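**Q** Under my numbering, think of the first position of the sequence shown as 423, with each following residue one higher.
We put the beta carbon where it would ideally sit given N, CA and C, even for glycine.
This one's a predicted model, so the numbers in the text were calculated from it and none came from an experiment.
Dumping the structure here so I can ask a few things about it.
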Amino acid sequence: MSDCIFCKIVAGEIPAKVVYEDDEMMAFEDINPQGPVHVQFISKRHIPNLNEATEEDFELMGRILKQIARYSRQEGFSEAGYRVVNNVGPDGGQEVYHLHFHLIGGRPLQWPPG
Ligand code: AMP
Ligand code: ZN
């Protein structure tokens with residue numbers, strides 16, 4: 423999508439600190455980090471959110487979650503723990519309508535969220 427900020431990151435039109443990439447997903451540091459670790463794991467394909475996802479997209483999401491777990495092990499904070507967040511729609515606080523999973527960690531996190 424031409425006016426989607428995350429599609430522009432995928433296309434290399436907007437810079438990002440990319441920490442992982444393969445043919446179907448990308449991970450980059452959040453521009454407004456909420457912890458020592460705050461990485462966005464996104465589909466390369468433009469999927470607006472869970473409400474718009476197809477069967478194929480849900481299979482991709484499984485692979486994205488697997489990569490998040492792998493990344494946390496690789497970076498050494500898997501045992502300390504972390505949070506994976508997917509915001510959907512206005513009540514969910516979604517600001518960017520391109521599927522993404524926040525990986526937040528590196529500090530104890532509060533629960534419940536606001
Ligand atoms: P959400 O509210 O779930 O849609 O979250 C959108 C996230 O994208 C926020 O945490 C923003 O800080 C982050 N974000 C927005 N623009 C950029 C960007 N250009 N590079 C990295 N992260 C971004
Ligand atoms: Zn997009």
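Going by C-alpha to C-alpha distance, which of His520, Asp425, Met423, Pro535 sits closest to Asn473?
**A** Per the Cα distances, His520.
**Q** Just to confirm, does Phe428 get its C-beta within under 6 Å of one of the non-hydrogen atoms of ligand 3?
**A** In the structure on display, ligand 3 does not appear, and the ligands it does have are ligand 1 and ligand 2.
**Q** What span of residues does the alpha helix (DSSP H) with Leu491 cover, start to end?
**A** Here residue 491 turns out to be Ala, not Leu, going by the sequence shown. Ala491 -> alpha helix (DSSP H) spans 477 to 497.
**Q** So what does DSSP say about Gly527, is it helix, strand or coil?
**A** Of the three classes helix, strand and coil, the one that applies to Gly527 here is strand, per DSSP.
**Q** Mapping the DSSP letters down to three states, classify Glu517 as helix, strand or coil.
**A** Reduced to three states, the DSSP call for Glu517 is coil.
**Q** For Val510, which of helix, strand or coil comes out of DSSP?
**A** If DSSP states are grouped into helix, strand and coil, Val510 belongs with coil.
**Q** My output table needs one value for Glu443: the three-state DSSP class, helix, strand or coil.
**A** Here Glu443 sits in strand by DSSP.
**Q** Between Gly457 and Gln516, what straight-line distance do the alpha-carbon atoms span, to the nearest angstrom?
**A** In a straight line, the C-alpha of Gly457 is about 19 Å away from that of Gln516.
**Q** Give the single residue among Trp533, Ala491, Tyr442, Met448 whose Cα lies nearest to the Cα of His522.
**A** If we check each option's Cα against that of His522, Met448 comes out closest.
**Q** If you follow the beta strand (DSSP E) that Ile464 is part of, which residue opens it and which one closes it?
**A** Its beta strand (DSSP E) spans residues 459 to 465.
**Q** By the three-class DSSP mapping on this structure, what secondary structure does Glu451 have?
**A** Three-state result, Glu451: strand.
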